[in-house]
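This note's numbering numbers the first residue of the sequence shown as 3 and each following residue consecutively. All C-beta atoms, glycine included, are put in the ideal place defined by N, C-alpha and C. See below for the structure under consideration.
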Amino acid sequence: MTGIICINKPQEFTSFDVVASMRRAFGTKKIGHGGTLDPMATGVLPVFVGGATKAVDLVPDDSKSYRAGFRLGFVSDTQDIWGKLRSRCENGVSEAEVQFALEDFRGDIMQIPPMYSALKINGQKLCDLARRGIEVERKPRPAAISRLELVSFDGTDGVIDVDCSGGTYIRTLINDIGESLCTGAVMTSLCRTKSCGFTLEQCHGLDEVRNASPEQLESWLLPVSELFAPLPEIPLDEVQTRMFLNGVRLDADRLMKRAPVDEDARVTSGGVFIGVGRINSDGELVSVKQFRSE
């Protein structure tokens with residue numbers, strides 16, 4: 003079996019826990035995932051099965067969507083409710099004040115990565131340093147927030163919906179919003195609602211997969227081509243297809259349709275996805291990855 007199955011990752015499971023469970027369910031070690039989720043987070047985790055694992059290193063670091071809960075008046079070392087909490091401010095704020103604060107976090111922003119993160123500095127994970135009580139200087143990193151909406155707020159606890167660039171720290175976003183309100187804030191829940199173009203509605207639960215028949219599992223697999231649907235298409239004729247699949251570089255000027263230079267493109271033959279290619283600076287279509295079974 004080959005394809006992508008979307009899992010609604012349960013809380014307190016690591017992404018590797020899900021991979022291990024999928025290996026048992028599908029009876030193969032060829033399993034990978036498309037984007038780590040923290041253990042306490044839930045939501046969309048694309049899992050790659052069989053030959054689709056070739057696409058794992060091509061997963062686009064594109065926009066993701068989240069629904070996150072927050073609580074004002076507290077801060078913690080992990081920027082969420084599961085860390086060492088301390089009270090910051092008991093003064094309440096209005097919904098209008100929260101809405102006003104959110105305005106500053108839409109668009110391009112800078113974030114200082116949290117110490118409790120998998121980011122490495124000098125070869126060491128920040129979270130490993132943090133557990134040893136070591137804090138190091140982190141450089142601000144850019145993030146893009148294309149949508150930030152307040153879903154609900156009761157004076158202390160609230161919920162936000164976020165569409166953001168890959169690599170955005172939602173915990174840090176909430177922490178920084180709390181700082182701007184002078185109240186402090188911690189994340190209380192996190193659900194990824196969209197990733198790699200896949201939505202929560204397309205996901206299956208772990209128990210559902212564990213109890214499924216092989217026929218059901220196969221019917222739930224999505225073609226790996228769906229992952230690359232947003233990419234520009236380069237269609238090939240029969241001769242070009244054979245050359246592409248044999249690793250021959252093709253003259254881009256002879257293609258039916260071109261794509262931007264040095265950007266991944268979806269290569270098709272007769273409307274069927276056959277791989278990912280890229281036009282280099284020499285004007286040649288180069289094979290990045292082939293998916294003959296697609």
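According to DSSP, N10 sits in a beta bridge with which residue or residues? Note: N10 sits in a beta bridge opposite V46.
Whole beta strand (DSSP E) elements within the segment 201-260, 3-residue minimum: 235-238
What are the residues that DSSP puts in a beta bridge with C193? T44, R69
For V21, the first and last residue of its enclosing alpha helix (DSSP H): 17-28
Given that a residue counts as buried once 16 or more other Cβ atoms are within 10 Å of its Cβ, and exposed if not, what is I172? buried
Can you look up G34 in the DSSP assignment and give me helix, strand or coil? strand
Give the DSSP-derived three-state secondary structure of S182 in the structure shown. helix
Cβ-Cβ separation, L150 to L104 (assumed contact under 8 Å), whole Å: 5 Å
What are the boundary residues of the beta strand (DSSP E) that includes R108? Careful: R108 lies outside any beta strand (DSSP E) and carries neither H nor E.
Kindly identify the DSSP beta-bridge partner or partners of Q292. Paired residues: G277.
Since G285 and D253 are thought to touch, with beta carbons under 8 Å apart, how far apart are those beta carbons, to the nearest angstrom? 7 Å
What is the rounded straight-line gap between the Cα of G34 and the Cα of D110? 31 Å
3 or more residues per run - each beta strand (DSSP E) lying fully within the segment 114-174: 143-155, 159-166
Between the segment 210-223 and the segment 64-74, can you find at least three pairs of beta-carbon atoms closer than 8 Å? no
Hey, quick one: how far does the alpha helix (DSSP H) through A103 stretch, first residue to last? 97-104
At which residues does the beta strand (DSSP E) containing V269 begin and terminate? It spans 266-271 - the beta strand (DSSP E) in which V269 sits, taken as one unbroken run.
As assigned by DSSP and simplified to three states, the class of L74: strand
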